[in-house]
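**Student:** Can you read through this structure? Questions will come right after.
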Amino acid sequence: MCSPLGPPKISIGDKIKDQFLVKKKLGEGSCGMVYLVLNIKDTKRAAMKVEPLMKSKDDEILKMEVYVLKKMQQSKHVCQLLAAGKTSSYKYTIIYHF
1 MCSPLGPPKI SIGDKIKDQF LVKKKLGEGS CGMVYLVLNI KDTKRAAMKV EPLMKSKDDE
61 ILKMEVYVLK KMQQSKHVCQ LLAAGKTSSY KYTIIYHF
């Protein structure tokens with residue numbers, strides 16, 4: 001069960017890493033949200049998965065997903081990982097969706 005420290009502080013119009021612009025919320029699940037982002041450098045759309053910071057390291061799902069995505073980047077069957085990081089209230093991954 002997910003035990004977040006608090007809700008992620010993210011708004012439409014926020015810039016991530018000075019490269020991605022948050023355009024709209026696409027959906028949410030029990031442990032996070034997905035946003036449509038625009039790559040400012042090439043105007044391509046991407047998806048950003050957001051997970052609030054958790055009370056327990058055992059609840060950190062996104063960390064494992066990033067690990068797996070990095071290991072599989074050479075496969076044509078896996079989304080391209082563009083960025084991953086952490087802010088004061090959430091962790092995120094940004095991937096191109098095909």
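Once you know that position 59 of the sequence shown is 59 in my numbering, the rest is easy, because the numbers rise by one and skip nothing. Ideal placement from N, C-alpha and C gives every residue a C-beta, glycine not left out.
Given this structure, state the Cα-to-Cα distance separating Met33 from Lys70, to the nearest angstrom.
**Tutor:** 21 Å
**Student:** For Gly27, which residues in the same chain have their Cβ closer than 8 Å to its Cβ, ignoring the five residues on either side in sequence?
**Tutor:** Met33 and Val34
**Student:** Express the C-alpha separation of Lys25 and Tyr90 in angstroms, rounding to a whole number.
**Tutor:** 15 Å
**Student:** Within the continuous alpha helix (DSSP H) that includes Met72, where are the two ends?
**Tutor:** Neither: Met72 is in no alpha helix (DSSP H) and is coded neither H nor E.
**Student:** Cα separation between Ile40 and Tyr96?
**Tutor:** 13 Å
**Student:** Bridge partners of Gly85, per DSSP?
**Tutor:** Here Gly85 is bridged, per DSSP, to Tyr92.
**Student:** I need the straight-line Cα distance from Gly13 to Lys76, nearest angstrom please.
**Tutor:** 31 Å
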